[in-house]
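Chemist:
Number of protein chains: 2
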Amino acid sequence: MEKTIERLALYRRLLKNQSGKGNTHIFSHQLAGISGYSAAIVRRDLMNIGYYGTPRHGYEIKALIDCLNVFFNKPEVKSLILVGAGNLGRALIAYFIKDKTEYNLIAAFDSDPLKVNLKYNGCPCYSLEKIPELIAASQASVGIITVPAENAQSVADLLVENKIKGILNFAPVSLTVPESVYVENVDLALMLEKVLYFSVHHREG
Amino acid sequence: MEKTIERLALYRRLLKNQSGKGNTHIFSHQLAGISGYSAAIVRRDLMNIGYYGTPRHGYEIKALIDCLNVFFNKPEVKSLILVGAGNLGRALIAYFIKDKTEYNLIAAFDSDPLKVNLKYNGCPCYSLEKIPELIAASQASVGIITVPAENAQSVADLLVENKIKGILNFAPVSLTVPESVYVENVDLALMLEKVLYFSVHHREG
Ligand SMILES: NC(=O)c1ccc[n+]([C@@H]2O[C@H](COP(=O)([O-])OP(=O)(O)OC[C@H]3O[C@@H](n4cnc5c(N)ncnc54)[C@H](O)[C@@H]3O)[C@@H](O)[C@H]2O)c1
Ligand SMILES: NC(=O)c1ccc[n+]([C@@H]2O[C@H](COP(=O)([O-])OP(=O)(O)OC[C@H]3O[C@@H](n4cnc5c(N)ncnc54)[C@H](O)[C@@H]3O)[C@@H](O)[C@H]2O)c1
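So the sequence lines, in the order shown, correspond to chains V and X.
Going by the working numbering, the first sequence runs without a break in its numbering and finishes at 205.
Going by the working numbering, the second sequence runs without a break in its numbering and finishes at 205.
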């Protein structure tokens with residue numbers, strides 16, 4: 001399920017690039033080629049969201065993008081917040097603040113009084129006590145956690161208490177959350193260790 | 001294979017934490033509990049690197065850490081470089097420069113003349129033409145790519161030309177490299193899309 005969602009999000013990005021180049025149609029084997037998946041998987045994924053191509057012309061790119069947008073609940077823009085405006089947090093703010101069509105990073109939060117009431121790339125940074133009020137006002141359902149490991153769980157608890165349903169966690173700890181909350185962990189140190197290992201021992205399988 | 005390496009790296013980190021708390025032994029079911037994997041998987045992973053615990057006392061933590069360090073080729077410190085000292089690159093430099101025992105971030109590189117010959121958290125930033133000389137001098141085998149998408153492939157080509165065998169790629173493009181080069185892609189935008197999706201539609205399986 002999670003892998004299917006990743007693939008669909010990737011197809012959507014690639015199709016937008018194709019559309020940007022002026023292409024109007026694409027065959028499943030072509031989308032397979034640029035996405036790195038087999039044509040069979042591409043066709044099955046798209047059939048799963050109710051989209052069928054015509055053998056003669058392939059998939060109509062604009063219609064397929066619309067279909068994917070509907071699937072990902074566009075054009076309703078989803079709101080998200082970020083907690084921990086440190087080095088990584090600020091890099092993410094700079095990056096995620098640009099793509100305003102897909103989601104809306106409404107605010108960052110930090111426990112450092114020197115960072116509160118500053119703006120990073122136009123994104124306001126508030127103290128933690130403002131989290132309940134801002135989540136309620138924006139109906140934000142997703143939070144990004146970029147605080148040190150020792151504080152990540154308490155931040156997660158605060159987000160969950162305030163109805164956050166999805167967390168993108170960069171702290172190197174395993175968070176405990178209710179079943180109804182989805183957590184995606186991005187463990188960069190572990191990713192680096194993996195690359196260091198495989199740079200010497202080539203993948204055998 | 002890749003998942004096994006991730007788990008072994010995680011066990012090592014958790015065991016170091018345990019050792020830091022003064023614990024000398026741990027049972028497989030305890031390591032299972034804190035790592036999130038089953039005891040059977042933990043035991044199998046450790047047997048695969050030649051380590052066996054005693055039922056009475058469990059695994060001896062220090063000996064197991066040493067065994068994992070040998071597996072990950074410690075104490076030989078691996079050198080790595082980073083290309084693209086932008087927002088994300090600088091956050092990574094600040095983070096990776098700290099843990100000097102495991103690997104050594106020897107330099108960053110950037111095409112922006114204003115960034116060349118600056119130091120970020122003590123890590124020197126050079127122009128791209130210095131890549132061959134620095135890789136050769138340090139025997140760096142891993143490169144981190146944090147340049148814009150449109151330049152990622154040419155940077156990858158340059159690294160591969162200079163014998164880099166492992167790449168941690170943050171640019172949202174699929175890199176083309178020889179079979180002998182390992183690439184780990186970290187696609188943060190796709191991770192966020194996944195969380196946005198599952199925050200609304202709960203995982204069904
Ligand atoms: N920088 C990276 O590239 C990188 C890589 C891998 C993992 N990480 C992880 O991401 C997290 C952040 O890393 P960083 O390098 O940005 O650290 P950082 O120290 O630069 O930033 C942490 C920020 O969180 C704030 N903070 C601390 N406790 C808080 C709390 N309870 N509530 C709200 N804000 C709080 C701090 O004031 C600071 O601004 C850490 O868990 C780190 O392990 C970072
Ligand atoms: N910032 C984030 O949180 C974030 C999140 C997801 C993905 N990314 C990806 O990471 C990459 C970097 O993002 P960023 O936000 O740091 O961008 P940025 O624009 O702040 O930094 C890019 C840096 O790369 C340098 N550069 C450009 N072309 C180069 C080349 N050919 N060789 C060497 N250096 C070159 C630039 O001078 C700049 O310093 C992008 O591909 C972006 O899509 C970033």
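We treat Cβ as the ideally placed atom computed from N, Cα and C, and that holds for glycine.
Quick one: using the 10 Å Cβ neighbour count with 16 as the cut-off for buried, is V:Y182 buried or exposed?
Modeler: Buried, since its Cβ has 16 or more Cβ neighbours within 10 Å.
Chemist: Suppose the cutoff is 8 Å on Cβ atoms and the five residues either side in sequence are ignored; what does the same chain contact list for X:A94 look like?
Modeler: Taken in chain order, the residues that qualify are Y120 and N121.
Chemist: Determine the chain X residues that contact V:G36 at a beta-carbon separation under 8 Å, and present them in chain order.
Modeler: Residues of chain X passing the Cβ test: S174.
Chemist: What are the residues that DSSP puts in a beta bridge with X:P124?
Modeler: Beta-bridge pairing links X:P124 to X:K119.
Chemist: Relative to ligand 2, is the shortest distance from any of its heavy atoms to the C-beta of V:Y95 smaller than 8 Å?
Modeler: Yes, since a heavy atom of ligand 2 falls inside the 8 Å radius drawn around the Cβ of V:Y95.
Chemist: Identify, in the order they occur along the chain, each residue of the same chain with its Cβ nearer than 8 Å to the Cβ of X:L214, setting aside the five sequence neighbours on each side.
Modeler: The requested residue 214 of chain X does not occur in the structure, where chain X is confined to residues 1 to 205.
Chemist: Between V:Y52, V:A63 and V:R56, which lies nearest to V:S19 when the distance is taken from Cα to Cα?
Modeler: Looking at the Cα atoms, V:A63 is the closest of the given residues.
Chemist: What does V:L168 touch in chain X if you count any residue whose Cβ is under 7 Å from its own?
Modeler: Neighbours of V:L168 on chain X, chain order: M191, L192 and V195.
Chemist: Against chain V, with Cβ distances strictly below 9 Å, would X:F72 count as a contact?
Modeler: Yes, X:F72 lies at the interface with chain V (some Cβ there is under 9 Å from its Cβ).
Chemist: Taking the straight line between their C-alpha atoms, what separation do you get for X:S174 and X:L92?
Modeler: So the two alpha carbons sit approximately 21 Å from each other.
Chemist: With H, G and I counted as helix, E and B as strand and the rest as coil, what does DSSP make of X:T54?
Modeler: Of the three classes helix, strand and coil, the one that applies to X:T54 here is strand, per DSSP.
Chemist: Is any non-hydrogen atom of ligand 2 found closer than 8 Å to the C-beta of X:N151, if you look at the structure I gave you?
Modeler: It does: the Cβ of X:N151 is within 8 Å (strictly closer) of some heavy atom of ligand 2.
Chemist: Tell me, please, whether the segment 37 to 57 of chain V touches the segment 176 to 190 of chain X by the rule of three or more beta-carbon pairs shorter than 8 Å.
Modeler: In short, these stretches do not touch, since the Cβ pair count stays below three.
Chemist: Name the chain X residues whose beta carbon is nearer than 8 Å to that of V:H29?
Modeler: The premise fails here: V:H29 is roughly 16 Å from chain X at the closest Cβ pair, so nothing lies under 8 Å.
Chemist: Quick check: is the beta carbon of V:K165 nearer than 9 Å to any beta carbon in chain X?
Modeler: V:K165 counts as touching chain X.
Chemist: Please go through the same chain and pick out, in chain order, the residues whose beta-carbon is closer than 7 Å to the beta-carbon of X:L105, but skip the five residues on each side of it.
Modeler: Answer for X:L105: L80, L82, I93, F96, I97 and C123, listed in chain order.
Chemist: Decide if V:T176 is buried, meaning its Cβ has at least 16 other Cβ atoms within 10 Å, or exposed.
Modeler: With fewer than 16 Cβ atoms within 10 Å of its Cβ, V:T176 is classed as exposed.
Chemist: Could you say which of V:A137, V:D110 and V:I49 lies nearest to V:Y126 if we only look at CA atoms?
Modeler: Ranking the options by Cα distance to V:Y126, first place goes to V:D110.
Chemist: Drop a sphere of 10 angstroms on the beta-carbon of X:K3, count the other beta-carbons inside from all chains shown, and report buried for 16 or more, exposed for fewer.
Modeler: Classification of X:K3: exposed, given that the 10 Å Cβ count is below 16.
Chemist: So the beta strand (DSSP E) V:N169 belongs to, where does it begin and stop?
Modeler: Here the beta strand (DSSP E) through V:N169 covers G166 to N169.
Chemist: What would DSSP say about V:V147, mapped onto helix, strand or coil?
Modeler: Looking at V:V147 - three-state DSSP - the assignment turns out to be coil, as it is neither helix nor strand.
Chemist: Say the cut is 8 Å; is the CB of V:G89 nearer than that to a heavy atom of ligand 1?
Modeler: Yes, Cβ of V:G89 sits closer than 8 Å to a heavy atom of ligand 1.
Chemist: Using a Cβ cut-off of 7 Å, which residues of the segment 50 to 64 of chain X contact any Cβ in chain V, in chain order?
Modeler: The residues in question: there are none.
Chemist: In three-state DSSP terms, what is V:F96?
Modeler: If DSSP states are grouped into helix, strand and coil, V:F96 belongs with the helices.
Chemist: Are the beta-carbon atoms belonging to V:S28 and V:L10 less than 9 Å from one another?
Modeler: For V:S28 and V:L10, no; Cβs fall outside 9 Å.
Chemist: Rounded C-beta distance between V:D187 and V:P172? I'm assuming under 8 Å.
Modeler: Indeed, because the Cβ distance is near 6 Å, the residues count as touching under 8 Å.
Chemist: Distance check for X:Q139 and X:M1, CA to CA, integer angstroms please.
Modeler: Taking the straight line from one Cα to the other gives about 25 Å.
Chemist: Does the Cβ-Cβ distance between X:G166 and V:V195 come in under 9 Å?
Modeler: Yes.
Chemist: Measuring only the C-alpha atoms, how far is V:K130 from V:K78?
Modeler: Looking at the two C-alpha atoms, the distance is approximately 19 Å.
Chemist: What in chain V is Cβ-close to X:L128, meaning under 7 Å?
Modeler: Chain V residues near X:L128: none, gap ~21 Å exceeds 7 Å.
Chemist: Taking any Cβ of chain V, which residues in the segment 1 to 18 of chain X have a Cβ under 7 Å from it, in chain order?
Modeler: Under the 7 Å Cβ criterion, the segment 1 to 18 of chain X contributes M1, E2, I5, E6, A9 and L10.
Chemist: What residues in its chain sit with their C-beta under 8 Å from that of X:K16, if we drop five residues either side in the sequence?
Modeler: The answer, listed in chain order, is I65.
Chemist: At the 9 Å Cβ level, is V:G20 part of the contact set with chain X, yes or no?
Modeler: No, no contact with chain X.
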